[in-house]
Each structure stands twice: as structure tokens, then as C-alpha cells.
Ligand SMILES: NC(=O)c1ccc[n+]([C@@H]2O[C@H](COP(=O)([O-])OP(=O)(O)OC[C@H]3O[C@@H](n4cnc5c(N)ncnc54)[C@H](O)[C@@H]3O)[C@@H](O)[C@H]2O)c1
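Residue numbers (the UniProt record's numbering): 1 to 254.
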């Protein structure tokens, strides 16, 4: 099908199931005529992707905690697909005991894990993609963030701090990858019920609060986030880089 991403190929990182934001992004990339290759964290997640109907040939394993794993994954992507026109980084993690109560309960280890997986991993994948000349000219990188980066959201804690670092990384990466023609942006999505969110204590309240702060009382959908992602990956947004785009139906206005 012809669309704003026709003839383009993208790596989508972070599908766990059909509720994943990465899945919402992949669906809209395909709806706009783009081709998608998926990366999954480990064997367990590979099974989930197979359940979603994806074929082995469409996916590679990539644990973003490991440079070796990123290297091997990107070699495989290049071998199978040649250069790609961009990637979606929809990956985050913090140990469950970091996502409850006071930030004063945060441990050094938990904090560093959150930073490693949820923030440094964007730099790590951008770096590997550039070193391996995986990115085609005018490539676009999109990551996912949350308003907990700038507000002290209940129980969001170390992930919020990691998201602040992630958003800053977007700006530095935009500056440096811009020299070779690539763009980097983040979508700050409204709260949605995904596997990652169920790890946050009191996630029902978080979801309900986010819904109630939208301009029309209806939470943002996967499709709406995916559509913005497709736009950011397309040549319609070549003037945008280093930005954080709110796709939260106005939650950030309150
Ligand atoms: N759900 C929300 O309300 C919301 C809102 C704003 C931003 N986000 C962000 O969207 C992104 C996607 O999360 P989601 O909500 O779709 O949840 P999800 O659980 O569906 O996706 C998270 C993904 O991160 C992957 N991941 C974790 N550790 C990894 C590792 N070491 N290597 C490779 N992959 C790893 C998981 O396998 C999973 O696929 C995250 O960055 C999240 O913070 C979510």
C-alpha cells in the first residue's frame, strides 16, 4: 500500500505483546507502506512475537543491556535488510521495588539498571547503528518517554529520572547524528495499560489519573501514538529533531 513510508524499512524494538506501544508503532508503519523488522529481548519474548503471527525471518534477538547483543542483532539486520530508514526504541525497565513509594528507597543498583536499560540503551543502539552504517541517509530514530521525566509522578521514581536522561540524550544525539543526516525525537505518550505499566505500583490510579486529565476524558490510543511515530519516521517531519512530542491528548496541559 502506498503511504508516507512507502519503500522504507524500520527496526522496531520493544514489542512484548499486542498492547505494546512498539506494536502500535509497527502497525501504523505498515499501514503507511513501510516494512518492519522486529527485535525482541530474549527467548520468552520471541515466543510472544511468534504468537502475534510474525515469522522468524522478520525478527532478531537484541538485549539492549549488552553491547555484544546489539552488535550481533544489527549485523543480522544489515545482512537481512541492508540499510534501514530508522528505528523505534520502545524499551524501558526498572526493578519492581524501584517503582513503589519513596525515591529514598531507590538502590544504587536499581537506579543504574533503570538508566542502563531505559536511557543509555538509546545511545548504545544509535552508536551501533552509526558504526555499522546501518542507517540510510535521512534516517529517523524515535524513542518513547513519559511525563514522569518532568513531574514527580507517584511510584514512577527511578524510571522518571531515567526518562529525564533519555530526553536529554535525544537532544545530544540529534545534534551529533544530525551531522550525518539522521534525526532523533521522542514521543511522550499518555499512560496506557501495557506490560511495563503493570510493574508500577498503583498503576490503575496512574492510568485513571492520566485518562481524567485528557481534554476529552478518553485515553490516548496505540493507534494515535503509532500514527505520530509514522509521521516522525517519515520525510514529512524532516524539520523536526531533538524534540519531545506529547501524544497524550493534553494530559501535559494540567
Ligand atoms: N505504557 C505507557 O503508559 C507508556 C507511556 C509513555 C511511555 N512509555 C514507554 O513506552 C516504551 C514501551 O513500553 P510499553 O508501555 O509499550 O510496555 P511493554 O512492556 O509492552 O514494552 C516494554 C519493552 O521493553 C523491552 N525490554 C525491557 N528490557 C529490555 C532489554 N534489556 N533488552 C531489550 N528489550 C527490553 C521488553 O521486552 C518489552 O518489549 C517504554 O519506553 C515505556 O517507558 C509507556
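Heads up, the beta-carbon is just placed ideally off N, CA and C, and yes, glycines get one too.
All values reported here derive from a predicted model rather than from experimental measurement.
Mapping DSSP to helix, strand and coil, what is residue 51?
Within the chain shown, the letter at position 51 stands for residue 51. Reduced to three states, the DSSP call for residue 51 is helix.
Whole-Å CB distance - residue 10 paired with residue 36, under 8 Å assumed:
The count along the chain shown starts at 1 and reaches residue 10 at position 10. The count along the chain shown starts at 1 and reaches residue 36 at position 36. Yes, residue 10 and residue 36 are in contact; Cβ-Cβ is about 6 Å, under 8 Å.
Pairwise C-alpha distance: residue 140 and residue 65:
For this step, residue 65 is matched to residue 65 along the chain shown. For this step, residue 140 is matched to residue 140 along the chain shown. Going from the Cα of residue 65 to the Cα of residue 140 covers about 22 Å.
Quick one: does the C-beta of residue 181 sit closer than 7 Å to a heavy atom of ligand 1?
Locating residue 181 in the chain shown gives position 181, where the first residue counts as 1. Outside the cutoff, so no.
First and last residue of the uninterrupted alpha helix (DSSP H) at residue 67:
In the chain shown, counting from the first residue as 1, residue 67 sits at position 67. Where residue 67 is concerned, the enclosing alpha helix (DSSP H) stretches over 67 to 81.
Which parts of the region 104 to 157 are runs of the beta strand (DSSP E), unbroken and 3 residues or longer, counting only runs that do not cross its ends?
The region 104 to 157 is shown to contain whole beta strand (DSSP E) runs of 3 or more residues at 135 to 145, in chain order.
Leaving out five residues before and five after residue 18 in sequence, what residues of the same chain have Cβ atoms less than 7 Å from its Cβ?
Residue mapping note: residue 18 aligns to position 18 of the chain shown, counting from 1. So the qualifying residues of the chain are 52.
For residue 185, name the three-state secondary structure that DSSP assigns.
One-based indexing of the chain shown puts residue 185 at position 185. The answer is strand: DSSP assigns residue 185 an E or B state.
Name, in chain order, the residues that DSSP records as bridge partners for residue 263.
Lying before the first or after the last residue shown, residue 263 is absent from the chain, which here runs from 1 to 254.
Within 10 angstroms of the Cβ of residue 99, are there 16 or more other Cβ atoms? Answer buried if so, exposed if not.
As a first step, residue 99 is located in the chain shown; it is residue number 99 there, counting from the start. Buried.
Which partner residues of residue 212 appear in the DSSP bridge assignment?
For the purposes of this step, residue 212 is taken as the residue at position 212 of the chain shown. None, per the DSSP bridge assignment.
What would DSSP say about residue 179, mapped onto helix, strand or coil?
As a position in the chain shown, residue 179 is number 179, starting the count at 1. In the structure shown, residue 179 sits in coil (DSSP, three-state: anything other than H, G, I, E or B).
If you check the beta carbons only, do residue 88 and residue 229 fall under 8 Å apart?
By 1-based counting over the chain shown, the position of residue 88 is 88. By 1-based counting over the chain shown, the position of residue 229 is 229. Contact annotation: residue 88 and residue 229 have beta-carbon atoms nearer than 8 Å.
Taking the beta strand (DSSP E) that residue 244 belongs to, which residues open and close that run?
Along the chain shown, read from residue 1 onward, the residue named residue 244 stands at position 244. Its beta strand (DSSP E) spans residues 244 to 247.
Among the candidates 250, 238, 155 and 13, whose CA atom is the shortest distance from the CA of residue 95?
Working through the chain shown from its first residue, we reach residue 95 at position 95. For residue 95, the nearest C-alpha among the options comes from 155.
Bounding residues of the beta strand (DSSP E) (the contiguous stretch that carries residue 35)
Start at 1 with the first residue of the chain shown, and residue 35 comes out as number 35. Note, residue 35: beta strand (DSSP E), 35 to 40.
Assign residue 157 to buried or exposed, taking buried as 16 or more other Cβ atoms, counted over all protein chains shown, within 10 Å of its Cβ.
Within the chain shown, the letter at position 157 stands for residue 157. Flag for residue 157 reads buried.
Does the region 167 to 183 come within contact of the region 191 to 204, defined as at least 3 CB pairs closer than 8 Å?
no
Can you name the residues that DSSP bridges to residue 11?
Taking the first residue of the chain shown as 1, we reach residue 11 at position 11. DSSP output for residue 11 lists 37 and 87 as bridge partner(s).
Just to confirm the assignment, what range does the beta strand (DSSP E) spanning residue 312 have?
The shown model of the chain, from 1 to 254, leaves out residue 312, and the question about it has no answer.
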